[in-house]
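Reviewing the structure listed below.
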Amino acid sequence: MSILRDFEKRLEGAVEGFFARAFRSGLQPVELAKALQRYAANYQQVGLEGVLVPNVYRFVLSPDDMERFDGFQDSLRRELAAVVTRTAQDRDWHLQGPVRIEIIEGDQIRTGTYELRGKVEAGEVARPRRFDRAEAPPPAPAPVPNGRRDYGGGTTVMPKTAPEAAELVSPAGRRYPITGTLTIGRLPECDVTIDDPAVSRRHARITSDGVDYTVEDLNSTNGVRVNGHPVTRATLRPGDELDLGGARFTFSAGR
47 MSILRDFEKR LEGAVEGFFA RAFRSGLQPV ELAKALQRYA ANYQQVGLEG VLVPNVYRFV
107 LSPDDMERFD GFQDSLRREL AAVVTRTAQD RDWHLQGPVR IEIIEGDQIR TGTYELRGKV
167 EAGEVARPRR FDRAEAPPPA PAPVPNGRRD YGGGTTVMPK TAPEAAELVS PAGRRYPITG
227 TLTIGRLPEC DVTIDDPAVS RRHARITSDG VDYTVEDLNS TNGVRVNGHP VTRATLRPGD
287 ELDLGGARFT FSAGR
C-alpha cells in the first residue's frame with residue numbers, strides 16, 4: 047500500500063464517520079500530505095550524513111478549513127508527521143530531528159488553499175519555535191497545485207525554478223501551478239490526479255531546468271500530444287495545448 051493511501055486509511059479509521067461527512071469536498075487531508083512530500087523533495091540539502099530535508103512544517107489554513115478540521119487535528123498532525131517520516135525512509139532522506147507538524151489559522155488564506163513553510167530543526171527533541179517572518183526568504187511565494195503556496199524557511203535551500211510562473215489550465219478553468227516537477231496520472235500520489243481510464247497511472251511529467259518547461263511521456267498507454275502532435279518529450283511554450291490520453295490542458299506561463 048502506498049504511503050498516501052495508507053495515510054487516508056489510517057486517518058479515516060481514526061475519525062470514523064466524521065471523516066466521510068466532512069471531506070466530500072473542499073480541502074482534502076491527502077492534499078496536505080502530498081504537499082509535505084513535494085516540499086521535502088524541493089527543499090533538500092546535501093550534507094555529510096546524506097540528503098537532509100526539513101523536519102518541522104507549518105500549515106496556515108483558512109478559518110473555514112480550520113473549523114472543518116476541528117476535532118481531529120491531533121490525529122491529522124500525527125498522521126502527517128508519519129507521512130514525512132515514511133517518505134524520508136523510502137527515499138533515504140535524513141531528518142535532523144523528530145518531525146513536527148503545526149496547523150494554524152490565517153485570516154488572509156482563502157478557503158480551500160493553504161500556505162506551507164518548513165525548516166530543519168536539530169535536536170533529539172524538537173523544541174517549539176516561532177516561525178518569524180524574518181527567518182524566511184523574501185515573501186515571493188512559489189505556486190503549487192490549486193493556488194497553494196510554499197515558503198522556504200530556516201536552513202532549507204531554495205530549489206532552482208524557472209523565472210516565470212507556469213501552470214496547466216483545464217478546460218473548466220482549474221489551474222495547476224508548476225513548481226519543480228509536476229506529475230500527472232491516475233495514481234493518488236501524482237501532483238495532478240485524473241480519474242479517467244484513458245489516463246495511465248503515471249502518464250506524464252512536466253519539469254523545469256530553470257529556464258524552460260518540458261513535458262515527458264512516462265510510457266503511457268495513450269500517449270502525449272502537444273498541439274495535436276504526438277511527442278515523447280517536448281519543450282513547452284505559452285499557449286501550447288496538451289492532450290494526455292484525452293485529458294486536455296493549456297500550458298500558461300508569465301502570469
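Residues 47 to 301 in this note's numbering are what the sequence shown lists, from first letter to last.
Note that the Cβ used here is the ideal one computed from N, Cα and C, for glycine as well.
Does the segment 73-84 come within contact of the segment 250-261, defined as at least 3 CB pairs closer than 8 Å? no
Looking at the structure shown, is T133 part of a helix, part of a strand, or coil, going by DSSP? The DSSP-derived three-state label of T133 is helix.
Three-state secondary structure assigned by DSSP to P223: strand
Element boundaries [beta strand (DSSP E), containing E235]: Looking at the DSSP string, E235 is not in any beta strand (DSSP E), and its letter there is neither H nor E.
Residue closest to R221, alpha-carbon to alpha-carbon, out of S121, T296, D138, S48: T296
Using only alpha-carbon positions, find the residue among R156, D237, G256, Q142 that is nearest to Q91. Q142
Beta-ladder partner(s) of Q91, from DSSP: L98
So, E54 versus M112, is the Cβ gap smaller than 8 Å? no
Work out the CA separation of T278 and V215 for me, nearest whole Å. 21 Å
Based on the DSSP output, what are the partners of P276 in its beta bridges? R271
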